[in-house]
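So the sequence shown is residues 1 to 135, counted in UniProt numbering. Every residue, glycine too, gets a C-beta built ideally from N, C-alpha and C. All figures in this text were calculated on a predicted structure; none of them were measured in a lab.
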Amino acid sequence: MAKVNVSLTVQVVGGPTINVAKELAVEAYDKIDISIESGKDISVEVQPSEGKRISFLLIKSSIYSDANKNTKLSYGIDDAGKIDLDQPHFYLGSGVVSLLGSDPKILKFNFKNGSENKPENKAELEILVGRDATP
Numbered sequence: 001m002a003k004v005n006v007s008l009t010v011q012v013v014g015g016p017t018i019n020v021a022k023e024l025a026v027e028a029y030d031k032i033d034i035s036i037e038s039g040k041d042i043s044v045e046v047q048p049s050e051g052k053r054i055s056f057l058l059i060k061s062s063i064y065s066d067a068n069k070n071t072k073l074s075y076g077i078d079d080a081g082k083i084d085l086d087q088p089h090f091y092l093g094s095g096v097v098s099l100l101g102s103d104p105k106i107l108k109f110n111f112k113n114g115s116e117n118k119p120e121n122k123a124e125l126e127i128l129v130g131r132d133a134t135p
């Protein structure tokens with residue numbers, strides 16, 4: 001069993017602040033580092049089997065979708081229903097993970113960054129997933 005500490009502070013300048021602190025117990029976790037080149041699709045296995053096992057999922061990238069820069073980085077469990085990765089995405093709890101349609105075994109990523117000659121033609125992604133390891 002692994003313990004995961006989650007903390008989040010959201011502060012509106014001149015307004016309210018909300019703090020969230022939570023300790024999660026997970027049977028297993030995986031840290032996945034991948035690179036995706038512009039114009040490519042990749043599939044990433046985020047858990048070894050299908051089923052409702054994921055309790056948190058964090059996806060962070062060095063480049064995010066930005067319509068002003070003609071950059072599109074998206075992901076999903078299939079080719080339909082792609083989600084733009086426009087900021088870091090954090091799914092905390094099986095309820096919000098279910099918004100992906102099902103607990104994903106594989107996430108499919110797609111990256112397009114305008115001209116292939118841009119120096120930012122590769123996105124570095126970090127994925128952290130916590131899950132139940134028993135069937």
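Which residue's Cα is closest to the Cα of residue i: the options?
i    : options                : result
K112 : L73, E23 and I59       : L73
R131 : S49, V96 and E27       : E27
V10  : M1, A2 and A21         : A21
G114 : S43, S65 and G81       : S65
S38  : I63, I18 and S49       : I63
K69  : S94, F90, N121 and V96 : N121
T71  : A123, P48 and P16      : A123
A133 : G81, S49 and V12       : S49
What residues in its chain sit with their C-beta under 6 Å from that of residue i, if we drop five residues either side in the sequence?
i    : result
N110 : D41 and S74
S43  : I106 and K108
I18  : V10
Excluding five sequence neighbours on each side, which residues of the same chain lie with their C-beta closer than 8 Å to the C-beta of residue i?
i           : result
V46         : D30, I32, I54, L57, P104, K105, I106, L107, I127 and V129
residue 169 : Since the first residue of the chain shown is 1 and the last is 135, residue 169 is not available in this structure.
M1          : A25, V26 and E27
A67         : none
E23         : K3, V4, N5 and V6
V13         : none
With C-beta atoms as the reference, is residue i less than 9 Å away from residue j?
i   : j    : result
A25 : V4   : yes
I59 : L125 : yes
L92 : S61  : no
Going along the chain, which residues of its own chain have a beta-carbon closer than 7 Å to the beta-carbon of residue i, five neighbours each way excluded?
i   : result
H89 : I59
L8  : V20
(message) Check whether the region 95 to 104 and the region 25 to 40 are in contact - that is, three or more C-beta pairs closer than 8 Å.
(response) no
(request) Please specify which runs of the alpha helix (DSSP H), each continuous and at least 4 residues long, are wholly inside the region 42 to 108, giving them in chain order. (result) 94 to 97
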